[in-house]
Amino acid sequence: MRIRACVRALTVAVALLGGPALAHHSVPGTFDVNKTTVIKGTVSKVDWINPHIYIYVDVKDAGGAVTQYKVETLPTNHMRRAGVTRADILEGAKAGAVTVHMYPALKNPAAGFLLRITFAAGHFYHLFGEDNEIARAN
Amino acid sequence: MKRHISGLILLAFVAGAALAAQTAKPTPRTPEGRPDLSGMWYRRVAGPVTQRVGNSIVRVPGNATVPDRYDPGRPKYKPEFLARVKELTDDQINVDPAFQCGPPGIIRVGPPQRVVQTAREVVILYDDLNGSFFRVIPTDGRKHRAGIEPSSLGDSVGRWEGDTLVIDVRNIIDTTWLGDNGLFHTENTKVTERLTRKGDTLTWQAVVEDPEVFVEPWRVTPRTLTLVPNAEIEEAAFCEDRGVADRVTRDYHGNVR
């Protein structure tokens, strides 16, 4: 029974995600996968393009200066199969600041690869990495 | 570690059981009696997956450790071409045409994604990172077309050998690569693909011949795909090359198509 449930869960999961994954980039080659950083800010733009989608997050520091972070995420067909649309992200971002867990980029201090985006209303999209990579964030 | 390995074994077992169950289903046939290859085909074996829970998307624990990559293998180049392969590999970030949103071409585009089959032809559609691509493959005895320009997916002609569709591909433009890591080829490359449906699975095999540069034909690692019911292919989003800085990395990218 347990195995049948596993098979069903796997089939559903497999149906959700498919097709090409990260073809142009190697995540470990570009981002520090041993670290998780967190930013909080407002979504100013979502570029729904291949080979990777970009979410731009404006982060204000204590002095009021704004830095725009470029947060890279999955390719569009990967995201589609996960059931996430551009409108979902923009709609979620309307409620207020988002919290982004990401691998920081190796070179660009204002860039990263999205692990999880949490919206002001409380729901989140955990799209990459494991739970412990979220938990280790500083 | 033990738990990790047990998890992998369990997942492999579960995936194998799921595949066996799908293979055991009856193979649908067309009115002409051919296996019907039509459908949307899932191209991955296992990998990181997500599930929707309420308004959120959560990770399915444990699966992210399963390799999410497919290794097609490599052709054996003649010794005099190994330096060129290495040079292209080392400079992939700058010279790989697919990194600049160019068409991946055959066979890099991978196995079929969406198949539409009629009595006279088989159409294969691809929603690729680099764009939407299609192939129209006659199966009614038509020959290769003459006088057309070479293209990334070439000119395909199909024939049935029993329950297997055999596709002969010619006229492939030599500016594409056959895969990551500098797999260049000539304009005389020939590809033979074989598609076999069993139940709700589709097995894709490919052999690449390029005697000018290969020691022997390259038998690409086969892939078995599973049918995805109630899903439809979509037009690919625009592929925008943002330059070398965003292409990054010289290491292995995974032949993930």
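Note that the protein sequences, when read in sequence, are chains F and S.
Position one of the first sequence corresponds to residue 68 (the numbering used here), numbered consecutively onward.
Position one of the second sequence corresponds to residue 37 (the numbering used here), numbered consecutively onward.
Think of the CB as a built atom: it goes at the ideal place given N, C-alpha and C, for glycine as much as any other residue.
Computed from a predicted structure; not experimentally measured.
Boundaries of the beta strand (DSSP E) harbouring Gly108/F: 104 to 114, taken from the DSSP string. For Val151/F, the nearest CB of chain S lies under 8 angstroms from its own CB, placing it at the interface with that chain. Looking from the CA of Gly150/F, the closest CA among Phe191/F, Asn199/F, Asp114/F belongs to Phe191/F. Less than 8 angstroms divides the Cβ of Thr175/S from the Cβ of Glu157/S. Taking 8 angstroms as the threshold, the shortest C-beta distance from Ser168/S to chain F does not fall below it. Per DSSP, the continuous alpha helix (DSSP H) segment holding Leu157/F begins and ends at 153 to 161. The distance from the Cβ of Ser192/S to that of Ile184/S is about 12 angstroms, inconsistent with a contact at the 8 angstroms cut-off. Using a Cβ distance threshold of 8 angstroms, Val165/F and Phe186/F count as a contacting pair.
Cβ neighbours of Gly109/S within its own chain (closer than 8 angstroms, five residues either side excluded): Trp254, Arg255, Val256, Thr257. Counted as a single uninterrupted DSSP element, the alpha helix (DSSP H) harbouring Ile129/S occupies residues 128 to 131.
Secondary structure note for Thr228/S: its beta strand (DSSP E) is the uninterrupted segment 226 to 234. A direct Cα-Cα distance of roughly 10 angstroms separates Pro118/F from Ala134/S. With respect to chain F, the C-beta atom of Glu268/S has no partner C-beta closer than 8 angstroms.
Contact of Pro118/F with chain S by beta-carbon distance below 7 angstroms involves Leu165, Cys275.
The residues Pro71, Asp72, in chain order, have a CB closer than 8 angstroms to that of Arg65/S in the same chain once the five nearest residues on each side in sequence are set aside. Bounds of the alpha helix (DSSP H) holding Glu200/F are 198 to 202. For His145/F, the three-state secondary structure derived from DSSP is helix.
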